[in-house]
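Visitor:
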Amino acid sequence: MKKLVLMMAGLFLFNAANAQDKEALKAQKAAQKAAESTLKKARSIYETSIPNPQYGRKETDYEKLSGALPLIQEAIKSEYTKDNALAWQTAADIQYQYYLKLENETKADPDNEQKKQEFIDCSYDVLNYCAKYDSLLVLDTKAKPEEIKLRHTQYQNMGVNPAIQLLQAAQNNSNSDKQEDLKLGVKYSEAFLNAMEKSHLMSDFSNQNLNDWKTYAKAFRAQSYYNLTGTPEEKIVAAYKDLMTTKYKGVAYQSLANYYREKNEDKQNQYLQEGVDALKGDAEQQDLRANFAIILMQNLFRKGDKEGFKKTAELIKTEFADNDNAINAYLMEGQMAFEAKDYDGAKAIFLAAKEKYPNEPKCLLMAARSAWMKAQAGGGKKEDMDVAIKMFKQLEAENPDDSELWGESLYILYNNTQQPTLAAPYKKYYKAN
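Residue numbers (my numbering): 1496 to 1928.
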């Protein structure tokens, strides 16, 4: 008897579960039918709102069309119609009607910021809806290839102008100093790039300006990320790396070098060096390349990387001799030898700089000081001191109004060589006096 009771209980549970499954299936079918009905109604409103000469409609009835907006939003979010090509086609069609309306309104009232933002938001939706519809269209195995191609071209053309609007908006927002605008700069540039580089919608789109458009979008995205507080480091780096194969590669290396300037000098140096290498032969960006090399040289000198410094200094002396800062390659190289107590080597470098830059007094000043230090290191021999005196006298002759360069030094040198008569005129420059 007990076994029979258990069997009956199991049968009851099975029947109950089966009944629940049927109810769930029934509810699911009802929900699907409701979603499809919502989509059908939205499509019907659209088709009876747009211009149609056959029915005497010359203009879009936006009052009527507005009734389709909540319906189509419901349809593209419903689990039963969110992957329905017709839902996204209808969404694109409806939104495009509003795009045309807002385009005219912004032209008529170009200073209306609210209207302009509505236009951009509408452009964003049109582009995304067209791309989503196109991605589902190509999966339709029942549609004829020629029909798919025709619709693909139609919605590609529908999405192009909204995409250009987003590109312009990305530029405007990337130049703002407001955080909310910068977020929009990222959003719009990403939307443009996703459409042009990743979507099937624009996979066969061609325009003579397309590469430039994509480059601009990458630049606006990178700039927005750079100035947007809290942007993860990897996003900033990735955004600028996307620019390294474009005409803005110089900006990319410069921006990353600046980004790491206070954070990580090794990475700053990495991007400076990469910039020097990448811009080689680029005549339009040679000034920027020189700037990279000079900053890199200064960093390597301060860091004590003698090999890296000398390599970069030699590059500057060879390729950027006419740059206003190229003299620093000689001065720093001489300073490195000076600090290593190679006074003859330092003097030779400073004199080479003097020959190259005769109007820069630092070159002869440092050569004279090197000669003086050699004299002191050698025990103060008069012949060595005389070499230093001769250089300081030349410095005086070339810069008579700048006694800071030679006055005190000549007083000390003449005294140290027991020439008090010659030292006397320079006593007034002795700071300890």
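Where is the CB? At the ideal position from N, CA and C, for every residue including glycine.
Who are the near neighbours of Ala1537 in its chain, counting only those whose CB is closer than 7 Å to its CB and skipping five residues on each side?
Guide: Excluding residues within five positions, the ones whose Cβ falls inside 7 Å are Ala1563, Leu1566, Ile1567, Ala1570, Thr1585.
Visitor: From which residue to which residue does the alpha helix (DSSP H) around Thr1912 run?
Guide: From DSSP, Thr1912 is part of no alpha helix (DSSP H); its letter is neither H nor E.
Visitor: In whole angstroms, what is the alpha-carbon distance linking Asp1897 and Gly1680?
Guide: About 54 Å.
Visitor: Can you tell me where the alpha helix (DSSP H) holding Ala1563 begins and where it ends?
Guide: Ala1563 -> no alpha helix (DSSP H), and no H or E assigned at all.
Visitor: Which value, in whole angstroms, describes the spacing of the CA atoms of Gly1799 and Arg1716?
Guide: Near 37 Å, if we compare the C-alpha coordinates of Arg1716 and Gly1799.
Visitor: I'd like the span of the alpha helix (DSSP H) that includes Ser1618, first residue to last.
Guide: Residues 1608 to 1632.
Visitor: Does DSSP classify Arg1552 as helix, strand or coil?
Guide: Strand at Arg1552.
Visitor: Residue ranges of each beta strand (DSSP E) run of no fewer than 3 residues wholly in the stretch 1722 to 1779, ordered along the chain?
Guide: Counting only runs of 3 or more, we get nothing.
Visitor: Less than 8 Å between the CB atoms is what I'm expecting for Leu1783 and Leu1774, so what's the real figure, rounded?
Guide: That pair is a contact at about 6 Å.
Visitor: In three-state DSSP terms, what is Asn1823?
Guide: Helix at Asn1823.
Visitor: In angstroms, rounded to a whole number, what distance separates the CA positions of Ile1752 and Gln1592?
Guide: Before going on, a small fix: residue 1752 reads as Ala here, not Ile. Their Cα atoms are separated by approximately 46 Å.
Visitor: Report back the beta-carbon spacing between Thr1533 and Ile1545 to the nearest angstrom; my notes put them in contact at under 8 Å.
Guide: Between Ile1545 and Thr1533 the Cβ distance is about 19 Å, and since that is not below 8 Å, they are no contact.
Visitor: Helix, strand or coil for Asn1794? Go by DSSP, reduced to three states.
Guide: Three-state DSSP puts Asn1794 in a helix.
Visitor: To the nearest angstrom, how far is the alpha carbon of Gly1654 from that of Asn1764?
Guide: Cα-Cα distance, rounded: 43 Å.
Visitor: Near Ala1872, what residues of its chain come up, given a Cβ to Cβ distance below 8 Å and the 5 sequence neighbours on each side ignored?
Guide: Closer than 8 Å at Cβ, skipping near neighbours: Lys1836, Tyr1838.
Visitor: Just to confirm my understanding: we take Tyr1924, look at its own chain, exclude 5 residues before and 5 after, and list those with CB closer than 7 Å. What are they?
Guide: Only Ser1898, Gly1902, Glu1903, Tyr1906 meet the Cβ criterion.
Visitor: Would you list the residues sitting across from Asn1547 in a DSSP beta bridge?
Guide: Note: Asn1547 sits in a beta bridge opposite Arg1552.
Visitor: Sorted by chain position, which residues of the same chain lie with C-beta nearer than 8 Å to Tyr1921's C-beta, five sequence neighbours on each side aside?
Guide: Cβ within range, chain order: Gly1902, Glu1903, Leu1905, Tyr1906, Tyr1909.
Visitor: Starting from Gln1703, trace the alpha helix (DSSP H) in both directions and tell me its first and last residue.
Guide: Looking at the DSSP string, Gln1703 is not in any alpha helix (DSSP H), and its letter there is neither H nor E.
Visitor: How would you write the range of the alpha helix (DSSP H) that His1647 sits in, first residue to last?
Guide: Run containing His1647: 1640 to 1669, per the alpha helix (DSSP H) assignment.
Visitor: Confirm, please, whether the CB-CB distance from Gly1829 to Met1861 is below 7 Å.
Guide: Yes, the pair counts as a contact, with Cβ atoms nearer than the cut-off.
Visitor: Give a yes or no on whether the C-beta atoms belonging to Ile1465 and Ala1832 are separated by under 7 Å.
Guide: Residue 1465 is absent from the structure shown; the chain starts at 1496 and stops at 1928.
Visitor: How should Asp1606 be labelled, buried or exposed, when 16 other C-beta atoms within 10 angstroms of its C-beta is the threshold for buried?
Guide: Flag for Asp1606 reads exposed.
Visitor: Judging by CA-CA distance, which residue of Glu1893, Leu1791, Ala1866 is the nearest neighbour of Tyr1755?
Guide: That would be Leu1791, whose Cα lies nearest to the Cα of Tyr1755.
Visitor: When we look at the beta-carbon of Lys1869 and count the other beta-carbons within 10 Å, is it buried (16 or more) or exposed?
Guide: Answer is buried; the Cβ neighbour count reaches 16.
Visitor: In three-state terms, what does DSSP make of Thr1576?
Guide: Here Thr1576 sits in coil by DSSP.
Visitor: Could you tell me whether the stretch 1679 to 1696 touches the stretch 1638 to 1646, using the rule of 3 or more Cβ pairs below 8 Å?
Guide: No, they do not touch.
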